[in-house]
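S.K.: These protein sequence lines are chains A and B, in that order. Quick note on numbering: the first sequence equals residues 56 to 376 in our numbering. Quick note on numbering: the second sequence equals residues 56 to 376 in our numbering. A virtual CB, placed ideally from N, CA and C, is assigned to each residue, including glycine. The structure displayed is predicted, hence computed values, not measured ones. Following this message is one structure expressed as structure tokens.
Number of protein chains: 2
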Amino acid sequence: MKIVANIQPETIRAAADRISPYIRRTPVLTSHMINSLYGTELFLKCENFQKVGAFKARGATNAVLSLEKNLLVNGVATHSSGNHAQALSWAASLVNTQAYIVMPTNSSKIKVNAVKEYGGLITFCKPTLESRETTLAEIIQQTGATEIHPYNDERIIAGQATAALELVEDVQNLDIVIAPVGGGGLLSGTSLAVHYFSPSTKVIAAEPEQANDAFLSFSGKRFVPSRNPNTIADGLRTSLGSLTYPIILQHVHSIVTVSESSIVNAMRFLWERMKIIIEPSSAVPFAAIMDGKIEIAGKRTGLIISGGNVDLDDLPWLKHE
Amino acid sequence: MKIVANIQPETIRAAADRISPYIRRTPVLTSHMINSLYGTELFLKCENFQKVGAFKARGATNAVLSLEKNLLVNGVATHSSGNHAQALSWAASLVNTQAYIVMPTNSSKIKVNAVKEYGGLITFCKPTLESRETTLAEIIQQTGATEIHPYNDERIIAGQATAALELVEDVQNLDIVIAPVGGGGLLSGTSLAVHYFSPSTKVIAAEPEQANDAFLSFSGKRFVPSRNPNTIADGLRTSLGSLTYPIILQHVHSIVTVSESSIVNAMRFLWERMKIIIEPSSAVPFAAIMDGKIEIAGKRTGLIISGGNVDLDDLPWLKHE
Numbered sequence: 056m057k058i059v060a061n062i063q064p065e066t067i068r069a070a071a072d073r074i075s076p077y078i079r080r081t082p083v084l085t086s087h088m089i090n091s092l093y094g095t096e097l098f099l100k101c102e103n104f105q106k107v108g109a110f111k112a113r114g115a116t117n118a119v120l121s122l123e124k125n126l127l128v129n130g131v132a133t134h135s136s137g138n139h140a141q142a143l144s145w146a147a148s149l150v151n152t153q154a155y156i157v158m159p160t161n162s163s164k165i166k167v168n169a170v171k172e173y174g175g176l177i178t179f180c181k182p183t184l185e186s187r188e189t190t191l192a193e194i195i196q197q198t199g200a201t202e203i204h205p206y207n208d209e210r211i212i213a214g215q216a217t218a219a220l221e222l223v224e225d226v227q228n229l230d231i232v233i234a235p236v237g238g239g240g241l242l243s244g245t246s247l248a249v250h251y252f253s254p255s256t257k258v259i260a261a262e263p264e265q266a267n268d269a270f271l272s273f274s275g276k277r278f279v280p281s282r283n284p285n286t287i288a289d290g291l292r293t294s295l296g297s298l299t300y301p302i303i304l305q306h307v308h309s310i311v312t313v314s315e316s317s318i319v320n321a322m323r324f325l326w327e328r329m330k331i332i333i334e335p336s337s338a339v340p341f342a343a344i345m346d347g348k349i350e351i352a353g354k355r356t357g358l359i360i361s362g363g364n365v366d367l368d369d370l371p372w373l374k375h376e
Numbered sequence: 056m057k058i059v060a061n062i063q064p065e066t067i068r069a070a071a072d073r074i075s076p077y078i079r080r081t082p083v084l085t086s087h088m089i090n091s092l093y094g095t096e097l098f099l100k101c102e103n104f105q106k107v108g109a110f111k112a113r114g115a116t117n118a119v120l121s122l123e124k125n126l127l128v129n130g131v132a133t134h135s136s137g138n139h140a141q142a143l144s145w146a147a148s149l150v151n152t153q154a155y156i157v158m159p160t161n162s163s164k165i166k167v168n169a170v171k172e173y174g175g176l177i178t179f180c181k182p183t184l185e186s187r188e189t190t191l192a193e194i195i196q197q198t199g200a201t202e203i204h205p206y207n208d209e210r211i212i213a214g215q216a217t218a219a220l221e222l223v224e225d226v227q228n229l230d231i232v233i234a235p236v237g238g239g240g241l242l243s244g245t246s247l248a249v250h251y252f253s254p255s256t257k258v259i260a261a262e263p264e265q266a267n268d269a270f271l272s273f274s275g276k277r278f279v280p281s282r283n284p285n286t287i288a289d290g291l292r293t294s295l296g297s298l299t300y301p302i303i304l305q306h307v308h309s310i311v312t313v314s315e316s317s318i319v320n321a322m323r324f325l326w327e328r329m330k331i332i333i334e335p336s337s338a339v340p341f342a343a344i345m346d347g348k349i350e351i352a353g354k355r356t357g358l359i360i361s362g363g364n365v366d367l368d369d370l371p372w373l374k375h376e
């Protein structure tokens, strides 16, 4: 595995050109009410409206379309309980190859069904990282499929970077761009795109307090892995990767953390006021704004809404009533 | 009360010009997945993203801005348990006058709070039409406020017509436009706008089976009032008005009805697939598509999503579990 990613401006432009026939150029929404409340100009880049309901479609599509044909013949494979599983299944179908998805047995039914719907072939495993990795290794040995990692892959990072590229193309002179951070695919891509295409803009990341490995790794400048984090923001439970971490160290201005209750409050606030369905991970940056952890008054602020895949039978504000 | 409304193309254009500084030009969303599924091109005019979360902001703003100053001095008044109450409260605040809202005691807490938040002064009454009307009459006598009816008013109809005007401006050559029907303010306005600005386009309305007074009035060509309808589509429980009914008879192609379960299914489908929050009334047209009551294959179809004000603690698919 390479330690230093080589993602240049032209790498991101090429990814954008490659995936543009397949993905959506998602809208940027604004709210007069929120702008008044915070004395700001806030621009939400709505990747919840993206194909498969999350920015993950960008990276997966870029990865699959970048593979040489001989690497596609036997399919692609990953382990994921979340949006990458859906995204890779969907992206594989675009090029008529098979996606093999290793999912833990405790994956939500809605995500299992979505992977099947997009044509992914699921192998269930125990809900441990070890079981996920060994099962994936077996599947790859059996099928000859090519592994597509959810975030520690240059093609994935370059693909995810295209969301921020579109944002800074559509909204000039942003002071800040805020993104959530889990494995760091979105954040590293965002920070590179902003660095190259809107260099005066700061990138700030937001993370759940209960999954604060990126915060610790960033502030201590020493990699800290994620250890069984317990957060509702299910997209943000993973550790940073060897490729994403150095990019984040170099190009991100700061990382802040928010509580679980703040995440739920922010999610509900955006549902009620913006009338958009966003998943808990997507609410983390706005939670940081609501809690005053990121000061946006007087600033033009971009915010990446990462996805909208939520189990509508299991909404967080209805859980403990 | 006049029996025949006089709403010309220039009336609608003037309404659009009058309200445009205050309301949102809402986006038109599409879904590749839905288009594939139905072999159609479907365009959703998303008034759930409108100010106050519903198209009602258009009519209320047009009505308030059209009033002569002496009629504004003592405020404006209405009885409403729904989106018109919020819309009129908000519109009154734009011109610094008071909105007096008569609401039944069984109104949802969330709607009561929204009216208060927009500055409306609430008088509660018994949950009967008689009590609503007598209480409103008393309020008007006490305050000298000007009544703004939720739909049986030319200024309201012309205001609601601007949503369809924007839709046919943004999407050319539509074969059909579908809207829900309750009191008929949105439907009459939509049918006039389409008649004037896209005359080859048919307007079709959808209504809950359990509140089918518009269907009966339309098909029998004899006015049938709504009698205590029991539908989840709370915006569509009212009877047609003396102004809206003749316009609908003249300019609407057909009215179809859908079951309660179809409304809930359609609402959930659009939440899951489009990631937008829409209220039950807004799901009625798409329910008609899902049930095959409106054939859209091979047709360019516009659909007006009327609003997105939903109590997130009380979602219909969670009620009977």
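Thinking just about the alpha-carbon of each residue, which of Y251(B), L295(B), A269(B), T245(B) is nearest to the one in T110(B)?
M.R.: Sequence index remark: in the second sequence, residue 110(B) carries index 55 (1-based). The question names Thr, but residue 110(B) is Phe in the sequence shown. Closest option to F110(B), Cα to Cα, is T245(B).
S.K.: Output needed in chain order: residues of the stretch 293–326 of chain B with a Cβ under 8 Å from some Cβ in chain A.
M.R.: Flagged, chain order: R323, W326.
S.K.: Could you tell me which chain A residues have their CB closer than 8 Å to the CB of W372(B), listed as they occur along the chain?
M.R.: On the second sequence, position 317 is the one that residue 372(B) refers to. Within chain A, the residues near W372(B) are L367, D368.
S.K.: Is DSSP giving P335(B) helix, strand or coil here?
M.R.: As a working mapping, residue 335(B) is identified with position 280 in the second sequence. It is helical.
S.K.: Any C-beta of chain B sitting closer than 8 Å to the C-beta of N90(A)?
M.R.: Position 35 of the first sequence holds residue 90(A). By this cut-off, N90(A) is not an interface position.
S.K.: Using the rule of at least 16 other Cβ atoms within 10 Å of the residue's Cβ for burial, across every protein chain shown, is G237(A) buried or exposed?
M.R.: Position 182 of the first sequence, counted from the start, is the residue given in the question as residue 237(A). Looking at its Cβ environment, which holds 16 or more other Cβ atoms inside 10 Å, G237(A) is buried.
S.K.: In angstroms, rounded to a whole number, what distance separates the CA positions of P182(B) and K181(A)?
M.R.: As a position in the second sequence, residue 182(B) is number 127, starting the count at 1. As a position in the first sequence, residue 181(A) is number 126, starting the count at 1. C-alpha separation (whole angstroms): 56 Å.
S.K.: May I have a chain-ordered list of the beta strand (DSSP E) segments no shorter than 3 residues that lie completely inside the stretch 79–120 of chain A?
M.R.: Here the runs fully enclosed are 96–101.
S.K.: What in chain B is Cβ-close to P82(A), meaning under 9 Å?
M.R.: Locating residue 82(A) in the first sequence gives position 27, counting from the first residue. Per Cβ cutoff of 9 Å: P82, L84.
S.K.: Please report whether the beta-carbon of G290(A) lies at a distance below 8 Å from any beta-carbon of chain B.
M.R.: The residue you call residue 290(A) lines up with position 235 of the first sequence. No, no contact with chain B.
S.K.: At what residue ranges does the stretch 130–160 of chain B contain a whole run of the beta strand (DSSP E), taking only runs of 3 or more?
M.R.: Listed in chain order, the complete beta strand (DSSP E) runs (minimum 3 residues) inside the stretch 130–160 of chain B are 131–134, 154–159.
S.K.: Measure the alpha-carbon distance for L242(A) versus S316(A) and round it to whole angstroms.
M.R.: For this step, residue 242(A) is matched to residue 187 along the first sequence. For this step, residue 316(A) is matched to residue 261 along the first sequence. Between L242(A) and S316(A), the C-alpha separation is close to 23 Å.
S.K.: Quick one: what's got a C-beta closer than 7 Å to V365(A)'s C-beta in the same chain, skipping five residues either side?
M.R.: The residue given as residue 365(A) occupies position 310 in the first sequence. Only I332, E334 meet the Cβ criterion.
S.K.: Pop quiz: L99(B) and V119(B) are said to be a contact at Cβ under 8 Å. What is the actual Cβ separation, rounded to whole angstroms?
M.R.: Sequence index remark: in the second sequence, residue 99(B) carries index 44 (1-based). Sequence index remark: in the second sequence, residue 119(B) carries index 64 (1-based). That belief does not hold up - the Cβ atoms of L99(B) and V119(B) are roughly 28 Å apart, past 8 Å.
S.K.: I'd like to know if I156(A) contacts chain B, where contact means its C-beta is closer than 8 Å to some C-beta of that chain.
M.R.: Here residue 156(A) is taken as the residue at index 101 of the first sequence, counted from 1. Cβ-Cβ to chain B under 8 Å: no for I156(A).
S.K.: Counting only the same chain and skipping the five closest in sequence on each side, list residues whose C-beta sits under 8 Å from that of S135(A).
M.R.: Working through the first sequence from its first residue, we reach residue 135(A) at position 80. Excluding residues within five positions, the ones whose Cβ falls inside 8 Å are L143, I156, V157, M158, P205.
S.K.: Using a threshold of 8 Å, state whether the C-beta atoms of A147(A) and T198(A) are closer than that.
M.R.: As a first step, residue 147(A) is located in the first sequence; it is residue number 92 there, counting from the start. As a first step, residue 198(A) is located in the first sequence; it is residue number 143 there, counting from the start. No, Cβ-Cβ distance for A147(A) and T198(A) is not below 8 Å.
S.K.: When burial is assigned at 16 or more other CB atoms within 10 Å of the CB, is T95(B) buried or exposed?
M.R.: As a first step, residue 95(B) must be located in the second sequence, where it is residue number 40. With 16 or more Cβ atoms within 10 Å of its Cβ, T95(B) is classed as buried.
S.K.: Please list the residues of the stretch 324–345 of chain A that have a C-beta atom closer than 9 Å to any C-beta atom in chain B, keeping them in chain order.
M.R.: Those would be W326, E327, R328, M329, K330, I331, I332, I333, in chain order.
S.K.: Under a Cβ-count criterion, where at least 16 other Cβ atoms within 10 Å of its own Cβ denotes burial, should W372(B) be classed as buried or exposed?
M.R.: Stepping through the second sequence from its first residue, residue 372(B) is reached at position 317. Exposed, by the Cβ-count rule.
S.K.: Counting only beta-carbon separations shorter than 8 Å, does I138(B) have a partner in chain A?
M.R.: Reading the second sequence from its first residue, position 83 is the one you call residue 138(B). According to the sequence provided, residue 138(B) is Asn. The question's Ile does not apply to it. Not one chain A Cβ lies under 8 Å of N138(B).
S.K.: What residue from Q153(B), L325(B), L358(B) has the CA that sits closest to I195(B)'s CA?
M.R.: For the purposes of this step, residue 195(B) is identified with residue 140 of the second sequence, where counting begins at 1. Among Q153(B), L325(B), L358(B), the Cα nearest to that of I195(B) belongs to Q153(B).
S.K.: Under the three-state reduction of DSSP, which class applies to F278(A): helix, strand or coil?
M.R.: Counting from one through the first sequence, the residue named residue 278(A) turns up at place 223. DSSP places F278(A) in coil when its eight states are reduced to three.
S.K.: Measuring only between beta-carbons, confirm whether F110(B) sits less than 8 Å from chain A.
M.R.: Mapped onto the second sequence, residue 110(B) falls at position 55. No, no contact with chain A.
S.K.: Chain B partners of G363(A), CB-CB under 8 Å?
M.R.: Against the first sequence, residue 363(A) aligns to sequence position 308. Ordered by position in chain B, the residues that pass the 8 Å Cβ test against G363(A) are K330.
S.K.: By DSSP, does G357(A) sit in helix, in strand, or in coil?
M.R.: The residue you call residue 357(A) lines up with position 302 of the first sequence. G357(A) falls in the strand class under three-state DSSP.
S.K.: If you draw a straight line from the C-alpha of V226(A) to the C-alpha of T286(B), how long is it?
M.R.: As a working note, residue 226(A) is residue 171 in the first sequence. As a working note, residue 286(B) is residue 231 in the second sequence. Cα to Cα, the separation comes out at about 43 Å.
S.K.: For a contact defined as C-beta to C-beta under 7 Å, what are the partners of F104(A) on chain D?
M.R.: Chain labels in this structure do not include chain D; the protein chains are A and B.
S.K.: Please report the Cβ distance between A216(A) and A248(A), rounded to the nearest whole angstrom; I am assuming they are in contact, meaning their Cβ atoms lie under 8 Å.
M.R.: Within the first sequence, numbered from 1, the residue matching residue 216(A) stands at position 161. Within the first sequence, numbered from 1, the residue matching residue 248(A) stands at position 193. 4 Å between Cβ atoms; contact.
S.K.: Over the uninterrupted beta strand (DSSP E) stretch that includes T178(A), give me the two end residues.
M.R.: One-based indexing of the first sequence puts residue 178(A) at position 123. It spans 176–180 - the beta strand (DSSP E) in which T178(A) sits, taken as one unbroken run.
S.K.: Just verifying my parser: in three-state terms, what is the DSSP assignment at P284(A)?
M.R.: Within the first sequence, residue 284(A) is the residue found at index 229, counting from 1. Three-state result, P284(A): coil.
S.K.: Have a look at G275(A), R187(A), W145(A), F341(A) and flag the residue whose alpha-carbon is nearest the alpha-carbon of L325(A).
M.R.: Within the first sequence, the letter at position 270 stands for residue 325(A). Out of G275(A), R187(A), W145(A), F341(A), F341(A) has the C-alpha closest to the C-alpha of L325(A).
S.K.: Since V307(A) is in the beta strand (DSSP E), which residue starts that stretch and which ends it?
M.R.: Position 252 of the first sequence, counting from 1, holds the residue named residue 307(A). That residue, V307(A), is in no beta strand (DSSP E); it is neither H nor E in DSSP.
S.K.: Report buried or exposed for A70(B), applying the criterion of at least 16 other Cβ atoms within 10 angstroms of its Cβ.
M.R.: Here residue 70(B) refers to the residue found at position 15 of the second sequence. Buried: at least 16 other Cβ atoms inside 10 Å.
S.K.: What three-state label does DSSP hand K348(B) in the structure shown?
M.R.: In the second sequence, the residue the question calls residue 348(B) occupies position 293. Coil at K348(B), not helix or strand.
S.K.: Can you confirm whether K57(B), when its beta carbon is compared against all beta carbons of chain A, has any partner nearer than 8 Å?
M.R.: Locating residue 57(B) in the second sequence gives position 2, counting from the first residue. Caution applies to K57(B), whose pLDDT of 48 falls short of 50 and renders its modelled position unreliable; the value that the coordinates give is listed next. It does not: the Cβ of K57(B) has no partner Cβ on chain A nearer than 8 Å.
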